[in-house]
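Student: Heads up, the sequence shown is in this note's numbering, so the first residue is 1 and it goes up one at a time.
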Amino acid sequence: MPGEPAIQPRPPAERRRLRRTALLTGMLAAAVVLVAVVLVLRQGIGGPTAGPPGGPNTPQRPAGTPTSSAPPQPAPGATEQAARPPSAYTRMTAEDSRLYNVSFARSSARCAGLGEQRPPLPDARLVAYLQQIADCLTEVNAAPLEEQGIALSAPRVSGFNISVNTACGTLTRYAFYCPEDRTIYVDTRSDDTRRFYGGMRLGYFAVISHEFGHHLQLAGGITQGYADRLATADNEQRLELSRRSELQAGCFSGVAYGALWSSIDADTADREEMADYFDRQSDEVTREGTHGSARTMKAWFDRGLGTDRSSYARCNTWAATPDQVA
1 MPGEPAIQPR PPAERRRLRR TALLTGMLAA AVVLVAVVLV LRQGIGGPTA GPPGGPNTPQ
61 RPAGTPTSSA PPQPAPGATE QAARPPSAYT RMTAEDSRLY NVSFARSSAR CAGLGEQRPP
121 LPDARLVAYL QQIADCLTEV NAAPLEEQGI ALSAPRVSGF NISVNTACGT LTRYAFYCPE
181 DRTIYVDTRS DDTRRFYGGM RLGYFAVISH EFGHHLQLAG GITQGYADRL ATADNEQRLE
241 LSRRSELQAG CFSGVAYGAL WSSIDADTAD REEMADYFDR QSDEVTREGT HGSARTMKAW
301 FDRGLGTDRS SYARCNTWAA TPDQVA
């Protein structure tokens, strides 16, 4: 925020009080929450523990051939970025996460029923369907991440109306991921209008795959790296770090689209709806400076989507130049 003083060390009692003030990584997160990333994650939040995706809405185990070693392919029109050889990522940091070794062949994964529900759904059915999508994404990613030594459990999806009290504080945004309780929160009103994602055939998949991208960041050690950088960042740097995080989550969403392309019955019209959504939600419209321009949002989504393969390595926004995350 303009004019905000540098972060100073706080006494233990105050750090404990502030621990609950949140990491907000929703699709519409504002700059005001950026400092909260440090306050939560520097208290030692770790990666998720291993465990099967639960709940009655868990879809069938995905079929196909996801891999954690195949090299990524460039997306058409995307800004080129040097990719490392397969399995060259050996650490758990933002720039060098073993998550980046994972890629999927186009349409290599499958879960039943993910493209069948178009917004809006009745509120009584909404959360169960969103949980089904989150569970599917967990199933798709669990085995290849396990090959990289990364445990992945399913995030919980929780619905709310207007505002909600969470482990990350009281929040009012349409959709966000709280790393402290590993929950995706979605306002049940948010699918009723075109402004957010209600006008997209795959709107539900779009919002959950983006928030699941933040869940993957936590699992891969990326969120902690984000928090470490934020601890010493000035105001402009905080905004850039937010864009790196959000653009990466959007790129991870592109990977999900590519892996499940046939399963969700996606086509070029769905890609065009995503582009239109980015035009409506970009920093040119919101003036927040936290999520990127329409151009960069589209470019990073396309990088994740790829052509024949969808790769997390192509989503390394932390190694990108500032103009690539503007």
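Just so it is clear, CB atoms sit at the ideal spot from N, CA and C, and this is done for glycine as well.
(1) CA-CA distance, residue 131 and residue 240?
(2) Less than 8 Å between the CB atoms is what I'm expecting for residue 106 and residue 308, so what's the real figure, rounded?
(3) Among 175, 293, 257, which residue has its Cα nearest to the Cα of residue 322?
(4) Measuring alpha carbon to alpha carbon, tell me which residue in 185, 88, 204, 295 is nearest residue 256.
(5) Helix, strand or coil for residue 19? Go by DSSP, reduced to three states.
(6) Smallest Cα separation from residue 214: which of 185, 148, 234, 126?
(7) Within a Cβ cutoff of 6 Å, which residues of the same chain sit near residue 317, ignoring the five residues on either side of it in sequence?
(8) Taking residue 297 and residue 282 to be in contact with their CB atoms under 8 Å, please state how far apart those CB atoms are, rounded to whole angstroms.
(9) Does the separation of the CB atoms of residue 134 and residue 154 fall below 7 Å?
(10) Using CA atoms only, rank isn't needed, just tell me which of 168, 288, 302, 262 is closest to residue 113.
(11) Thinking C-beta only, is residue 119 closer than 7 Å to residue 198?
(12) Which residue from 272, 182, 288 puts its Cα closest to that of residue 299?
(13) State the DSSP-derived secondary structure class of residue 301, mapped to helix, strand or coil.
(14) Which residue from 220, 174, 140 puts its Cα closest to that of residue 190?
(15) What number of angstroms, rounded off, separates the C-alpha of residue 319 from the C-alpha of residue 95?
(16) Could you name each continuous alpha helix (DSSP H) segment of 4 residues or more that falls completely within the segment 85 to 173, going from the start of the chain to the end?
(17) Between which residues of its own chain and residue 207 is the CB-CB distance below 6 Å, once the five residues before and five after are set aside?
(18) Are the Cβ atoms of residue 220 and residue 97 separated by less than 7 Å?
(19) Apply the 10 Å Cβ neighbour rule to residue 285 and answer buried if 16 or more other Cβ atoms are within range, or exposed otherwise.
(20) Do you know how far the Cα of residue 92 is from the Cα of residue 162?
(21) In this structure, does DSSP put residue 316 in helix, strand or coil?
(22) When you compare the CB positions of residue 252 and residue 216, do they come within less than 7 Å of one another, or not?
(23) CA-CA distance, residue 160 and residue 187?
(24) Take residue 260 as the anchor and find which of 138, 101, 125 has the nearest alpha-carbon.
(25) If the criterion is Cβ atoms closer than 7 Å, does the pair residue 232 and residue 179 meet it?
(26) Excluding the 5 residues preceding and the 5 following residue 225 in the sequence, name in chain order all residues of the same chain whose CB lies nearer than 6 Å to its CB.
(27) Helix, strand or coil for residue 222, going by three-state DSSP, please let me know.
(28) Where are the beta strand (DSSP E) runs, 3 residues long or more, that stay fully inside the segment 174 to 210, in chain order?
(29) In three-state terms, what does DSSP make of residue 244?
Tutor: Put simply:
(1) So the alpha carbons of these two residues sit roughly 31 Å apart.
(2) So it is a contact: roughly 6 Å between Cβ atoms.
(3) Comparing Cα-Cα distances from residue 322 to each of 175, 293, 257, the minimum goes to 293.
(4) Here the closest residue by C-alpha is 204.
(5) Here residue 19 scores only 38 on pLDDT, less than 50, and its place in the model should not be relied on; the value that follows carries that caveat. Residue 19 falls in the helix class under three-state DSSP.
(6) Looking only at 185, 148, 234, 126, the smallest Cα-Cα distance to residue 214 is reached by 185.
(7) Excluding sequence positions up to five before and after residue 317, its CB lies within less than 6 Å of the CB of 244, 247, 248, 325, all in the same chain and listed in chain order.
(8) Indeed, because the Cβ distance is near 6 Å, the residues count as touching under 8 Å.
(9) Taking 7 Å as the Cβ cut-off, residue 134 and residue 154 qualify as a contacting pair.
(10) Selected option, being the one with the closest Cα: 262.
(11) With respect to residue 119, residue 198 sits close: the two C-beta atoms are nearer than 7 Å.
(12) Looking only at 272, 182, 288, the smallest Cα-Cα distance to residue 299 is reached by 272.
(13) Three-state DSSP puts residue 301 in a helix.
(14) It is 174 whose Cα lies nearest to the Cα of residue 190.
(15) Roughly 6 Å separates the two Cα atoms.
(16) Look at the segment 85 to 173 and you find these whole runs of alpha helix (DSSP H), each 4 residues long or longer: 123 to 147.
(17) 175, 197, listed in sequence order.
(18) For residue 220 and residue 97, yes; Cβs fall inside 7 Å.
(19) Exposed: under 16 other Cβ atoms inside 10 Å.
(20) Cα-Cα distance, rounded: 36 Å.
(21) Coil.
(22) In contact: residue 252 and residue 216 (Cβ atoms closer than 7 Å).
(23) Distance between the alpha carbons of residue 160 and residue 187: 5 Å.
(24) Relative to residue 260, the option among 138, 101, 125 whose CA is nearest is 138.
(25) Taking 7 Å as the Cβ cut-off, residue 232 and residue 179 do not qualify as a contacting pair.
(26) Here the set comprises 93, 94.
(27) Assignment of residue 222 by DSSP, reduced to helix, strand and coil, places it in the helix class.
(28) Along the length of the segment 174 to 210, whole beta strand (DSSP E) runs at least 3 residues long occupy 175 to 178, 183 to 187, reported in chain order.
(29) It is helical.
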